[in-house]
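For this note's numbering, add 106 to where a residue sits in the sequence shown, where the first one is 1. Ideal Cβ positions, reconstructed from N, Cα and C, are used throughout, including at glycine. Computed from a predicted model, the values in this text were never measured in an experiment.
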Amino acid sequence: MNLFAEIRALVIARLEEMVASGALPGGLDMAAVAVEPPRDGAHGDMATNAAMVLARPAGQPPRAIAEGLAARLAADPRILTAEVAGPGFLNLRLAPESWRGVVRAALAEGRDFGRSDIGRGVRVNVEFVSANPTGPMHVGHTRGAVFGDALAALLDFAGHAVTREYYINDGGAQVDVLARSAYERYREANGLSPEIAEGLYPGDYLIPVGEALKARYGDSLLDRPEADWLAEVRDFATAEMMQMIRDDLALLGVRMDVFTSEKAITASGKIEEAIETLRGMGLIYEGTLEPPKGKLPEDWEEREQTLFRSTLHGDDVDRPVKKSDGSWTYFAPDIAYHWDKVSRGFDQLIDVLGADHGGYVKRLKAVVSALSSGRVPLEVKLIQLVKLWKNGEPFKMSKRAGTFVTLRDVVEQAGPDVTRFVMLTRKNDAALDFDFDKVLEQSKDNPVFYVQYAHARVSSVIRKATEAGIAADDATLAGADLDHLGHEAELALARKIAEWPRLVEIAARGQEPHRIAFYLYELASDLHALWNRGNEDGSLRFVQEDKGISQAKIALARAAGVVISAGLGILGVTPAEEMR
107 MNLFAEIRAL VIARLEEMVA SGALPGGLDM AAVAVEPPRD GAHGDMATNA AMVLARPAGQ
167 PPRAIAEGLA ARLAADPRIL TAEVAGPGFL NLRLAPESWR GVVRAALAEG RDFGRSDIGR
227 GVRVNVEFVS ANPTGPMHVG HTRGAVFGDA LAALLDFAGH AVTREYYIND GGAQVDVLAR
287 SAYERYREAN GLSPEIAEGL YPGDYLIPVG EALKARYGDS LLDRPEADWL AEVRDFATAE
347 MMQMIRDDLA LLGVRMDVFT SEKAITASGK IEEAIETLRG MGLIYEGTLE PPKGKLPEDW
407 EEREQTLFRS TLHGDDVDRP VKKSDGSWTY FAPDIAYHWD KVSRGFDQLI DVLGADHGGY
467 VKRLKAVVSA LSSGRVPLEV KLIQLVKLWK NGEPFKMSKR AGTFVTLRDV VEQAGPDVTR
527 FVMLTRKNDA ALDFDFDKVL EQSKDNPVFY VQYAHARVSS VIRKATEAGI AADDATLAGA
587 DLDHLGHEAE LALARKIAEW PRLVEIAARG QEPHRIAFYL YELASDLHAL WNRGNEDGSL
647 RFVQEDKGIS QAKIALARAA GVVISAGLGI LGVTPAEEMR
């Protein structure tokens with residue numbers, strides 16, 4: 107049930123009646139007609155812009171349209187009042203039974219309440235994290251992992267067919283550095299002093315890899331030239347790192363559907379296939395690029411390269427795909443990977459990348475546009491930095507990692523639920539401060555505690571009712587006499603519950619899972635406010651002496667709990683049954 111969608115449908119139906127009666131001209135485009143909560147709740151429960159957006163195409167004053175529409179809407183039993191405001195806005199107040207119907211729907215539909223079909227089964231690939239397999243994931247990967255996983259869950263909830271994917275960057279020079287670093291730890295496991303030269307990975311996390319290499323190879327790799335062991339050690343170390351990454355993701359509650367290897371993509375001939383496809387479109391040519399704008403690099407020289415004509419698809423400059431020496435540029439494997447995703451039949455691609463990839467966005471969009479002939483849109487979501495604080499000071503780097511704070515460090519300090527929720531309290535492209543002291547405190551200022559506490563309170567009400575012999579299962583509560591819900595504080599909570607289906611669609615269309623966290627905090631606030639008023643006014647307490655009244659009030663609390671549980675499910679956070 108989406109009450110806002112139902113009232114919008116009512117508005118459209120009444121507008122069509124006005125067209126049929128000649129009060130409005132035919133052929134009006136009503137796509138921009140919206141029904142939403144008013145900015146000021148004192149003005150009503152809902153507001154529609156119908157008269158404002160139709161005035162010009164209808165050739166009529168907006169207020170005249172609003173007055174005609176108001177008269178027709180007021181005849182519907184769901185509408186208590188329809189009042190014209192200002193130049194032609196229309197404010198609606200709904201009958202209490204409309205809000206009670208929302209409570210019944212939430213209980214009847216359970217965690218499916220608010221699910222949407224706006225995705226219409228569109229196949230979406232969400233690629234996120236994709237950390238280089240050279241060590242444990244750091245705090246930046248943590249935020250990207252949480253955002254990508256929550257976005258995938260949100261799109262699934264809104265009716266998309268979602269695939270979560272991790273791209274393993276195992277084809278570049280960094281995995282050779284990993285192999286050399288692991289080899290030094292292998293030497294260490296064999297009783298020799300490791301030589302961690304500049305440029306190698308110094309973290310202690312490679313010590314177990316060295317020991318595993320010794321367990322497999324003994325001392326047979328010692329004193330052999332690098333050419334003899336590099337490829338084998340590289341594959342072994344990469345597999346070990348990917349297992350570490352999988353374990354870290356599992357710690358955070360993230361599970362991928364697909365892992366795709368850059369090395370495998372390259373070996374399959376996908377680079378050549380993608381480039382030839384682009385060449386067949388006339389988008390690959392031999393040429394030279396103009397020097398970079400601004401200060402000219404000392405090592406810059408004009409040279410002929412194989413270029414992708416990305417400017418024809420919205421990029422600022424054409425991009426090299428092959429160097430003058432005949433080797434592929436770093437962009438070429440990414441072209442092949444996105445060609446692979448397009449070839450797999452996805453309708454939409456979403457890449458979740460670190461903020462340092464901002465300059466890479468246009469070329470990725472250009473190549474996906476070209477390879478899909480404009481059929482498959484690519485959205486790139488950039489993840490801004492996270493600043494960690496503890497005891498009023500920056501949280502120190504991890505000794506185990508060598509140079510950074512790891513995902514595991516954060517989760518072990520704060521727990522997966524707190525980590526996930528807090529990482530979603532800011533939009534992905536805004537910087538985020540993660541203060542360990544604040545995220546663990548039990549106060550209204552800590553959003554994850556506040557929301558979890560609200561759900562725990564609902565669970566507490568259910569337990570108390572059961573102990574008092576009051577049936578409090580969802581089926582019974584859905585059939586309760588909800589006419590007992592009439593106080594403004596109770597209806598305010600029901601109105602907030604009614605916003606959930608609309609909020610899901612807004613968040614999904616904008617690909618903004620942080621909106622779920624914001625909404626849950628607001629819903630929790632309304633529930634806590636009602637609870638606190640019950641401490642002052644006994645008639646507002648959820649458990650009453652009268653069983654029928656109790657069931658009506660418990661139904662309202664339970665409906666809020668259903669929505670909180672569903673919202674936390676999208677965020678990947680476990681609802682709390684009790685707070686200790």
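Check: For A137, write down the residues that DSSP places opposite it in a beta bridge.; Outcome: The partner list for A137 (beta bridge, DSSP) is empty, contrary to what the question assumes.
Check: Checking the sheet assignment: what are the DSSP bridge partners for L389?; Outcome: The partner list for L389 (beta bridge, DSSP) is empty, contrary to what the question assumes.
Check: I need the boundaries of the alpha helix (DSSP H) containing R229, first residue and last residue.; Outcome: Taken as a continuous stretch (DSSP letters only), R229 belongs to no alpha helix (DSSP H), being part of the beta strand (DSSP E) at 229 to 233.
Check: Output the distance between the C-alpha atoms of D539 and D135, rounded to the nearest integer angstrom.; Outcome: 45 Å
Check: In chain order, what residues of the same chain lie with their CB nearer than 8 Å to the CB of N552, ignoring the 5 residues before and after it?; Outcome: K544, V545, L546
Check: Looking at the structure shown, is T531 part of a helix, part of a strand, or coil, going by DSSP?; Outcome: coil
Check: Would you kindly report the start and end of the unbroken alpha helix (DSSP H) that includes T582?; Outcome: 580 to 584
Check: Determine the extent of the alpha helix (DSSP H) in which N638 is found, giving its start and end residues.; Outcome: 620 to 642
Check: Could you check whether V427 and T435 sit closer than 8 Å to each other, using their CB atoms as the reference points?; Outcome: yes
Check: Pick out whichever of V669, T412, A584, V448 has its Cα sitting closest to the Cα of S656.; Outcome: A584
Check: Tell me the DSSP secondary structure of P426 in three-state form.; Outcome: strand
Check: Please list the segments of the alpha helix (DSSP H) lying wholly inside the region 299 to 330, counting only runs of 4 or more residues, in order along the chain.; Outcome: 313 to 323
Check: When the Cα atoms are used, what is the spatial distance from L260 to A170?; Outcome: 40 Å
Check: Could you tell me whether the region 665 to 680 touches the region 625 to 642, using the rule of 3 or more Cβ pairs below 8 Å?; Outcome: yes
Check: Leaving out five residues on either side along the sequence, give the residues of the same chain with a beta carbon under 6 Å from the beta carbon of Y625.; Outcome: L609
Check: Determine whether the beta carbon atoms of P300 and R286 lie at a separation below 8 Å.; Outcome: no
Check: Excluding the 5 residues flanking P193 on each side, which residues of the same chain have their C-beta closer than 8 Å to its C-beta?; Outcome: M158, P168, R169
Check: Nearest-angstrom Cα distance between A180 and A188?; Outcome: 6 Å
Check: So, does the region 228 to 242 touch the region 327 to 335, judging by three or more C-beta pairs under 8 Å?; Outcome: no
Check: Can you find the residues in the same chain that come closer than 6 Å, C-beta to C-beta, to E485, ignoring five residues on each side of it along the sequence?; Outcome: I456
Check: Out of curiosity, what's the CA-to-CA distance linking G297 and V511?; Outcome: 29 Å
Check: Candidates D262, L662, F501, D146: which alpha carbon is nearest S565's?; Outcome: L662
Check: Hey, V339 and L355 are a contact pair by Cβ (cut 8 Å); roughly how many whole angstroms apart?; Outcome: Wrong, their Cβ atoms sit about 24 Å apart, outside the cutoff.
Check: Who does R569 pair with in a DSSP beta bridge?; Outcome: Beta-bridge pairing links R569 to no other residue.
Check: If distances are taken between C-alpha atoms only, which option among D515, I489, G521, S645 comes closest to L254?; Outcome: In the sequence as presented, Leu is not what sits at residue 254; that position holds Gly. Among D515, I489, G521, S645, the Cα nearest to that of G254 is on I489.
Check: Buried or exposed: A614, going by 16 or more other Cβ atoms within 10 Å of its Cβ?; Outcome: buried
Check: Roughly how many angstroms separate the alpha carbons of G580 and P314, rounded to a whole number?; Outcome: Position check: residue 580 holds Asp in this sequence, whereas Gly was assumed. The straight-line gap from Cα to Cα measures roughly 51 Å.
Check: Measuring CB to CB, does G460 end up less than 8 Å from G241?; Outcome: no
Check: CB I568 to CB K653, shorter than 8 Å?; Outcome: no
Check: What do you reckon, are the CB atoms on F542 and W606 nearer than 8 Å?; Outcome: no
Check: Could you give the first and the last residue of the continuous beta strand (DSSP E) run that contains Q454?; Outcome: 454 to 460
Check: Is the region 144 to 155 touching the region 193 to 205, taking contact as three or more C-beta pairs under 8 Å?; Outcome: yes
Check: To the nearest whole angstrom, what separates the beta carbons of I377 and P439, a pair I think is in contact under 8 Å?; Outcome: 6 Å
Check: Would you kindly work out how many angstroms separate the C-alpha atoms of W335 and V482, rounded to a whole number?; Outcome: 42 Å
Check: Among the residues of its own chain, which have a CB less than 7 Å from the CB of E123, if the five just before and after it don't count?; Outcome: R178
Check: Runs of 4 residues minimum, wholly inside the region 127 to 189: which ones carry the alpha helix (DSSP H) assignment?; Outcome: 156 to 164, 168 to 179
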